[in-house]
Amino acid sequence: MIVIVVALMINVAAQIRPTPQAPPRRTAPPPRTAPPPKREAPEPAESKPAPAPTPAPVQAKAAADAAPADAGAALYRKNGCYECHVNDAQGGPQGPRLGPNPIPFPRFVAYVRNPTGDMPPFTAKVISDQDLQSIYAFLQSRPTPPPVKEIPLLAP
Amino acid sequence: MAERQKSARKQLERREFLQKGALAGAAAIVGGGAELTALPADAAAQTAPPALPASPAPVAPTTPIMTAAGEAIGPGEAQVLGDNQRSGSDFMVDVLKSLGFEYVAANPGSSFRGLHESIINHGGNRAPELITCMHEESAVAMAHGYFKAEGKPMLVAAHGTVGLQHASMALYNAWCDRVPVYMVIGNYNDAAVRRPAEWYHGVQDAALLVRDFTKWDDTPWSLTHFAESAVRAYNVAVTPPMAPVLLVLDGILQEQGVDAGKLPAIPKTPVPTAPQGDTASVEQAARMLVAAESPVLVVDRLARTPNGMKLLVELAELVGAGVVDATSRMNFPTRHPLNQSMRAGAAVGDADLIVGLEVADFWASVNTLRDQLHRSTEARTKPGAKMITITTGDLYVRANYQDFRRLQDVDLAIAADGEATLPSLIEAVKRLATGDRRRVFQERATKLADLSRVAADRARVNASFAWNASPVSTARLSAELWAQIKNEDWSLVSSYYTSDLGGWPRPASVGGALANKKHGRLSVAIQTDGDLMYAPGVLWTAAHHRIPLLSVMNNNRAYHMELMHVQRMCNARNRSVDRGAIGSQIIDPNIDYAKMAVSMGVYAEGPIDNPADLGPALKRAIAVVKRGEPALVDVVTQVR
Numbered sequence: 001m002i003v004i005v006v007a008l009m010i011n012v013a014a015q016i017r018p019t020p021q022a023p024p025r026r027t028a029p030p031p032r033t034a035p036p037p038k039r040e041a042p043e044p045a046e047s048k049p050a051p052a053p054t055p056a057p058v059q060a061k062a063a064a065d066a067a068p069a070d071a072g073a074a075l076y077r078k079n080g081c082y083e084c085h086v087n088d089a090q091g092g093p094q095g096p097r098l099g100p101n102p103i104p105f106p107r108f109v110a111y112v113r114n115p116t117g118d119m120p121p122f123t124a125k126v127i128s129d130q131d132l133q134s135i136y137a138f139l140q141s142r143p144t145p146p147p148v149k150e151i152p153l154l155a156p
Numbered sequence: 157m158a159e160r161q162k163s164a165r166k167q168l169e170r171r172e173f174l175q176k177g178a179l180a181g182a183a184a185i186v187g188g189g190a191e192l193t194a195l196p197a198d199a200a201a202q203t204a205p206p207a208l209p210a211s212p213a214p215v216a217p218t219t220p221i222m223t224a225a226g227e228a229i230g231p232g233e234a235q236v237l238g239d240n241q242r243s244g245s246d247f248m249v250d251v252l253k254s255l256g257f258e259y260v261a262a263n264p265g266s267s268f269r270g271l272h273e274s275i276i277n278h279g280g281n282r283a284p285e286l287i288t289c290m291h292e293e294s295a296v297a298m299a300h301g302y303f304k305a306e307g308k309p310m311l312v313a314a315h316g317t318v319g320l321q322h323a324s325m326a327l328y329n330a331w332c333d334r335v336p337v338y339m340v341i342g343n344y345n346d347a348a349v350r351r352p353a354e355w356y357h358g359v360q361d362a363a364l365l366v367r368d369f370t371k372w373d374d375t376p377w378s379l380t381h382f383a384e385s386a387v388r389a390y391n392v393a394v395t396p397p398m399a400p401v402l403l404v405l406d407g408i409l410q411e412q413g414v415d416a417g418k419l420p421a422i423p424k425t426p427v428p429t430a431p432q433g434d435t436a437s438v439e440q441a442a443r444m445l446v447a448a449e450s451p452v453l454v455v456d457r458l459a460r461t462p463n464g465m466k467l468l469v470e471l472a473e474l475v476g477a478g479v480v481d482a483t484s485r486m487n488f489p490t491r492h493p494l495n496q497s498m499r500a501g502a503a504v505g506d507a508d509l510i511v512g513l514e515v516a517d518f519w520a521s522v523n524t525l526r527d528q529l530h531r532s533t534e535a536r537t538k539p540g541a542k543m544i545t546i547t548t549g550d551l552y553v554r555a556n557y558q559d560f561r562r563l564q565d566v567d568l569a570i571a572a573d574g575e576a577t578l579p580s581l582i583e584a585v586k587r588l589a590t591g592d593r594r595r596v597f598q599e600r601a602t603k604l605a606d607l608s609r610v611a612a613d614r615a616r617v618n619a620s621f622a623w624n625a626s627p628v629s630t631a632r633l634s635a636e637l638w639a640q641i642k643n644e645d646w647s648l649v650s651s652y653y654t655s656d657l658g659g660w661p662r663p664a665s666v667g668g669a670l671a672n673k674k675h676g677r678l679s680v681a682i683q684t685d686g687d688l689m690y691a692p693g694v695l696w697t698a699a700h701h702r703i704p705l706l707s708v709m710n711n712n713r714a715y716h717m718e719l720m721h722v723q724r725m726c727n728a729r730n731r732s733v734d735r736g737a738i739g740s741q742i743i744d745p746n747i748d749y750a751k752m753a754v755s756m757g758v759y760a761e762g763p764i765d766n767p768a769d770l771g772p773a774l775k776r777a778i779a780v781v782k783r784g785e786p787a788l789v790d791v792v793t794q795v796r
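Residue numbers (the working numbering), protein chains in the order written: chain A, 1 to 156; chain B, 157 to 796.
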């Protein structure tokens, strides 16, 4: 019996598996320990579901905000955001994409403080609004990818 | 018999004499006469060593020395089996051959030395052929992977005490996956002869250690007993619900000679057929399927054979139902228009009928669990949705080690094998489906095809983000790999979703590749870093046995699942969220997996962190695999 799982879809498959069971340990059985998928309940992702060409004003803003974005990159990693939303905030099985067009900042802060999905809460005690501002700048600075049709390896 | 006992006694006496002589000699070297007094008086007198010159300082004990008295003893009786005799383990190999095992995976152990020798000499090291493993956990996991590719069990042999202890985690994994690993262990209980224990490390009930997560075990005390239990064990293991079995082979039973003309018969009992759902229940399920407006088929361990997939495709296309595949088996083509796995939550949420076919944890398919400090659950399904389960899981549940969660209310539960029940379910649906309903089914199928296409397009957009990032994104890794293998007869023997586990995927992928070898398939594993380090010696096994396997490392330099769990705890306790990675990262130093693989004879490249370098490296590695050898490409990846 040939195992033919389409590897292409690995990073994006929304599995039926429910969430986090009791911590799947390394000795747990293979089929049942797939990483817990993101919940159906929406977490704040990007404000736009699909990438759009980055408008010139946004690019200019990104350049102007380079310093906070750099600081934000370090904070994004230090505070563990990358663990679920992945190194470049592109999202993965455990957390949605966050940039380059994040949801409005007030909503972003509100969700980080009081998430409704599986994301763990980050209170003001563990991360300041100022640091969240830097992280937000990092999210805004994420590069917009080329259109899918210009990436031959992603052709259907 | 009397003659044999006499010979044995003579041999024992000579061994005692030599041991005592050596002890006495060593004692004299170490400390003079004081230690000698610890020996029985007769032994001390019998073995009085020649006087040695006084040593000015104590000398460390050396290896036992042959004494003059020992040298004077004549040669012992040569004990070999006669030409008309067979060892017990020769017969055991005959029985195992009758069961059709291709391979036996083992790390050598003294307690099955008889069987080991019979496999290589009496059996000619063919069917089963010995696969040399460097850890019993690897041996069992290889058998696990082999079954999932080949559909039949592999034999595993191990030492009865420490070998089984090493193997136990992998047996547990196989049990959880309902995979029939066939394991034999050696143990010197000597019960057939009833002498005092001679073997220093024995165990009275060896199988006890793993009885909670094996389906059956036995300890045969005669060859007749062995023959029946060996065939019974095979049948028990492969009859759904499948699970590992264990036989404890007594050392003396393996090694004693038996007259060749008096060997017991080998049972020919056929494997029992899998249980089918009863006619009335199957008819009821068919009526519910035909009447449903938005049915979804949720599958997990359904396809035991390639025919299982054909049947599921037939049923899904017949009623225009979406399929959500949890992929514990190869159940449904991933690119079939009715495959809704990429929008599983929505598919289940939209359904008015959910049919679970061999779903290990049905509750989890129709509910979510929010992993916060105070856990809460929520139904995925809409109110009034009907549910049917068809599974052999209802026929088998254990008390201590559990693998179930909450009990899900369902409308119809059929305790039967899913694949065996599909033909009658399909026939019943065909009988009940009118022309009007068939038009509804067709329209539904068209809508589902559109939805799965949209989901795939969304996946491609998601994959485009961080496309050129370094470390390499997992989407880029997958796309680069797909480009190299899509025109081959490929087989994915372990992947991202099954690889974040301790020690299973690596040896399992080698077992899968071993099964694929004779079929000429290109075996591909997406290999995680933490897993590889549990028992990396299986790389050598792959090289030694020329097992063609492409391993592409998803090296995120962490036990990342655990890292996320600890992070969650930091957040729940509202402290130090920047310290969640401590104890779960594999950095400082980074491990050079390519060098490690090369040291064991495996072609390897990496670490690669520039995505542009990946395609050419994969091409070179695949050329090696096509020559019949393993190859590894270490890719430093993003964390998920």
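Ideal Cβ positions, reconstructed from N, Cα and C, are used throughout, including at glycine.
Query, Result
"Pair within 9 Å by beta-carbon distance, Ile738/B and Val758/B", "no"
"Backbone CA spacing between Ala297/B and Ala69/A [nearest angstrom]", "46 Å"
"Endpoints, beta strand (DSSP E) assigned at Met689/B", "No beta strand (DSSP E) holds Met689/B; DSSP gives it neither H nor E."
"Bridge partner(s) assigned by DSSP for Gly342/B", "His315/B, Leu405/B"
"Cβ-based burial, Ile743/B [other Cβ within 10 Å; buried from 16]", "exposed"
"Cα-Cα separation between His357/B and Ser267/B, rounded to whole angstroms", "10 Å"
"Secondary structure of Leu678/B, DSSP reduced to three states", "strand"
"Contact with chain A by Ala728/B, beta-carbon distance below 9 Å", "yes"
"Residues sharing a beta bridge with Pro451/B, DSSP", "Leu509/B"
"Asn87/A at chain D interface by Cβ criterion, 9 Å", "Absent here is chain D; the protein component of the structure consists of chains A and B."
"C-beta neighbour in chain B for Asp118/A, strict 9 Å", "yes"
"Close-in-space but distant-in-sequence residues of the same chain around Leu154/A (CB under 6 Å, 5 per side omitted)", "Val148"
"Alpha-carbon spacing of Leu139/A relative to Val733/B, whole angstroms", "19 Å"
"Residues bridged to Tyr390/B [DSSP beta-bridge criterion]", "Its beta-bridge partners do not exist; DSSP assigns none."
"Through-space distance from Glu599/B to Tyr390/B, alpha-carbon basis", "46 Å"
"Same chain only: Cβ atoms within 6 Å of Gly464/B, ignoring 5 sequence neighbours per side", "Leu458, Glu575"
"Where Pro489/B falls: helix, strand or coil (DSSP)", "coil"
"Whole-Å CB distance - Asn711/B paired with Asp685/B, under 8 Å assumed", "4 Å"
"Cβ of Ser707/B within 9 Å of any chain A Cβ", "no"
"9 Å Cβ cutoff, Leu132/A in contact with chain B", "no"
"Which of helix, strand or coil DSSP assigns to Glu384/B", "helix"
"Neighbouring residues, chain B, relative to Gly91/A (Cβ below 8 Å)", "Asn618, Phe621"
"Chain-ordered neighbours of Pro627/B on chain A, where CB pairs are closer than 9 Å", "Asn87"
"Interface flag, His322/B vs chain A, CB-CB below 9 Å", "no"
"Chain B contacts from the stretch 64 to 79 of chain A (Cβ-Cβ distance under 7 Å)", "Lys78, Asn79"
"In chain order, each alpha helix (DSSP H) run of at least 4 residues that lies wholly inside the stretch 513 to 580 of chain B", "518 to 522"
"Residues bridged to Pro102/A [DSSP beta-bridge criterion]", "Glu46/A"
"CB contact below 9 Å: Arg97/A versus chain B", "yes"
"CB contact flag (Asn556/B, Arg536/B, <9 Å)", "no"
"Top-ranked residue by Cα proximity to Thr375/B, from Leu365/B, Trp355/B, Leu402/B", "Leu402/B"
"Beta-carbon neighbours of Val109/A, restricted to chain B and to distances below 7 Å", "Those do not exist, as Val109/A stays about 16 Å from chain B at its closest Cβ, beyond 7 Å."
"Straight-line gap, Val754/B to Phe122/A (C-alpha atoms, nearest Å)", "45 Å"
"Those residues which DSSP pairs with Arg242/B across a bridge", "Val414/B"
"Cβ neighbour criterion (16 or more within 10 Å) applied to Arg32/A", "Because the pLDDT at Arg32/A is just 33, under 50, the model does not fix this residue reliably, and the value given afterwards should be weighed accordingly. Label assigned to Arg32/A: buried."
"Gln94/A: contacting residues in chain B (beta-carbon distance under 8 Å)", "Met720, Arg796"
"Sequence-distant residues of the same chain with beta carbon closer than 7 Å to Ser634/B, five excluded per side", "none"
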